[in-house]
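Trainee: Just dropping this structure here.
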Amino acid sequence: MRNPARRPRAAALTPILALAVALPTLLAPPAVPPAQAQDRDLRSIIQRMEPAVVAVGTFQPSRHPPVALMGTGFGIGDGSMVLTSAHVLPRMLDHQRRERIAVIRNKGDGSARDVEVITPSHVCRDDARDLALLVLGDRRLPAAVGLDVDAIVDAGLPIAFTGYPLSSAVGLHPVTHRGMVSAVAPAAVPMTDPKLLDPAVLERLRDNFDIYQLDATAYPGNSGSPLYDQRDGRVIGILNSVYVKSTRERQLSAISEPSGITYAIPIRFAQPLIDRARNGGCRAVDDRS
13 MRNPARRPRA AALTPILALA VALPTLLAPP AVPPAQAQDR DLRSIIQRME
63 PAVVAVGTFQ PSRHPPVALM GTGFGIGDGS MVLTSAHVLP RMLDHQRRER
113 IAVIRNKGDG SARDVEVITP SHVCRDDARD LALLVLGDRR LPAAVGLDVD
163 AIVDAGLPIA FTGYPLSSAV GLHPVTHRGM VSAVAPAAVP MTDPKLLDPA
213 VLERLRDNFD IYQLDATAYP GNSGSPLYDQ RDGRVIGILN SVYVKSTRER
263 QLSAISEPSG ITYAIPIRFA QPLIDRARNG GCRAVDDRS
């Protein structure tokens, strides 16, 4: 025969058991909305990217100031190489006054005492795609998270880029912009006005390739900045606002100011330069031939 005295006790335990089951859920932190989680992840990626980003220019001891900033670059691989845009490198150097190509690294707050000037030993160029690779010799810099040379990039991909825009005016402080890939389009487009054609445009039309068009605005000094996927920080391109604009927007500039559209060269085009550097095929920086 069952003992009726035990029933109330079992019933009394039921709320306690329910509370024990629900307690982990009650104590769990509130779920982070997807947008906030993405912003938090991007902050982490930027913190890892900033040390790899450097300024590129020239250094001349007798000049005031001795450093002339011309663009942005970023360390790759083991940190012994820096990728940038070819147009930020001078074609001629004043060797008599000891002018040389320089990689300028911000080690602190960007003031003169926290800036380090590094002279590359070799340079590889791909002028057709406006890319350059600087070899630092024995020096090692922080490197970007990674290069996604096999990236499949479509319109709508969330991106960010970090560089030194307007550095001559605002100082050597890394700045990040974010947006998305607006289109994957040819670097050169046919001209409707034959008078705008010149040998450079014809050459680019013959050797055309796809570039990334972005909805984020870049500024002078951003050329050479790493363009990376917001989701994982892997580099998918190199910012470019001079080479591409001179071809794609020439018809616009003939009647008005150039647009604020920003472009980037896919990172896969940098792989041949990296291979050349690893095989010792780059030219010495002080080679005057």
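For any residue, its number in our numbering is found by taking its place in the sequence shown, counting from 1, and adding 12. Yeah, the Cβ is synthetic: ideal placement off N, Cα and C, and Gly gets one too. Values in this document were obtained by computation on a predicted structure and should not be read as measured data.
(1) With a threshold of 6 Å on Cβ separation, who are the neighbours of A266 within its own chain once the five nearest residues in sequence on each side are excluded?
(2) Are V100 and V66 closer than 8 Å when you measure CB to CB?
(3) Which same chain residues, not among the five before or five after I286, have their C-beta less than 6 Å away from its C-beta?
(4) Grab the span of the alpha helix (DSSP H) containing D90 for me, first residue to last.
(5) Which same chain residues end up closer than 7 Å to M192 when comparing Cβ atoms and leaving out the 5 residues on each side of it in sequence?
(6) What would DSSP say about A98, mapped onto helix, strand or coil?
(7) Let's see if you can read the secondary structure: which residues bound the beta strand (DSSP E) around P170?
(8) Going by DSSP in three states, L264 sits in which element: helix, strand or coil?
(9) For S194, which residues from the same chain have a beta carbon less than 7 Å from its beta carbon, with the 5 sequence-adjacent residues on both sides left out?
(10) How about K91 and A155: are their beta carbons less than 8 Å apart?
(11) Starting from the Cα of R141, find the closest Cα among T96, L178 and S133 and give me that residue.
(12) Assign Q108 to one of three DSSP states: helix, strand, or coil.
(13) If you draw a straight line from the C-alpha of R280 to the C-alpha of V182, how long is it?
(14) Taking DSSP as the reference, what is the three-state secondary structure of P270?
(15) Is the Cβ-Cβ distance between G236 and T84 less than 8 Å?
(16) Considering only the beta carbon of each residue, do H189 and F173 sit closer than 8 Å?
(17) Would the beta-carbon of I277 fall within 8 Å of that of N252?
(18) Note the first and the last residue of the continuous beta strand (DSSP E) segment covering I130.
(19) Going along the chain, which residues of its own chain have a beta-carbon closer than 6 Å to the beta-carbon of I58, five neighbours each way excluded?
(20) Does the distance between the C-beta of Q283 and the nearest non-hydrogen atom of the ligand MN fall short of 7 Å?
(21) By the 10 Å Cβ neighbour count, where 16 or more other Cβ atoms means buried, how is M82 classified, buried or exposed?
(22) Residues in the same chain with beta-carbon distance under 8 Å from D139, minus the five sequence neighbours each way, listed in chain order, please.
(23) How long is the line joining the alpha carbons of R150 and H134, rounded to whole angstroms?
(24) Measure how close the beta-carbons of G245 and V157 come, nearest whole angstrom, since I'm counting them as under 8 Å.
(25) In the DSSP assignment, what residue or residues form a beta bridge with V79?
(26) Would you tell me roughly how many angstroms separate the C-alpha atoms of R110 and S74, rounded to the nearest one?
(27) In terms of DSSP beta bridges, what is D222 paired with?
(28) Between the Cα of P198 and the Cα atoms of I223, Y231 and L239, which residue gives the shortest distance?
(29) Among Q242, V247, P284 and I248, which one has its Cα closest to the Cα of D51?
(30) Am I right that I116 and V79 are in contact with their C-beta atoms under 8 Å? What's the rounded C-beta distance?
Mentor: Concretely, from the data shown:
(1) Confidence at A266 is low in this model, with a pLDDT of 38, below 50, so the placement of that residue is unreliable and no value is reported for it.
(2) no
(3) The beta carbon of I286 sits closer than 6 Å to no other beta carbon from its chain once the five residues preceding and following it are set aside.
(4) Taken as a continuous stretch (DSSP letters only), D90 belongs to no alpha helix (DSSP H), as it is neither H nor E.
(5) G168, L169, P170, I171 and D227
(6) helix
(7) In this chain, the beta strand (DSSP E) harbouring P170 covers P170 to G175.
(8) Low per-residue confidence applies at L264: pLDDT is 47, beneath 50, and the placement is therefore not dependable, though the value from the model is reported in the following sentence. Helix, per DSSP.
(9) A167, Q225, L226 and D227
(10) The amino acid occupying residue 91 in the given sequence is Gly; Lys does not appear at that position. Taking 8 Å as the Cβ cut-off, G91 and A155 qualify as a contacting pair.
(11) T96
(12) When DSSP states are grouped into helix, strand and coil, Q108 belongs to the helix group.
(13) 32 Å
(14) Confidence at P270 is low in this model, with a pLDDT of 46, below 50, so its placement is unreliable and no value can be given for it.
(15) The Cβ atoms of G236 and T84 lie closer than 8 Å to each other.
(16) yes
(17) yes
(18) Here the beta strand (DSSP E) through I130 covers V127 to I130.
(19) T188
(20) Although the ligand MN was asked about, the structure shown includes no ligands whatsoever.
(21) buried
(22) A98
(23) Checking the sequence, you will find Asp at residue 150 rather than Arg. Taking the straight line from one Cα to the other gives about 12 Å.
(24) 4 Å
(25) F71
(26) 8 Å
(27) D222 pairs with P198.
(28) I223
(29) Q242
(30) Right, their Cβ atoms sit about 6 Å apart.
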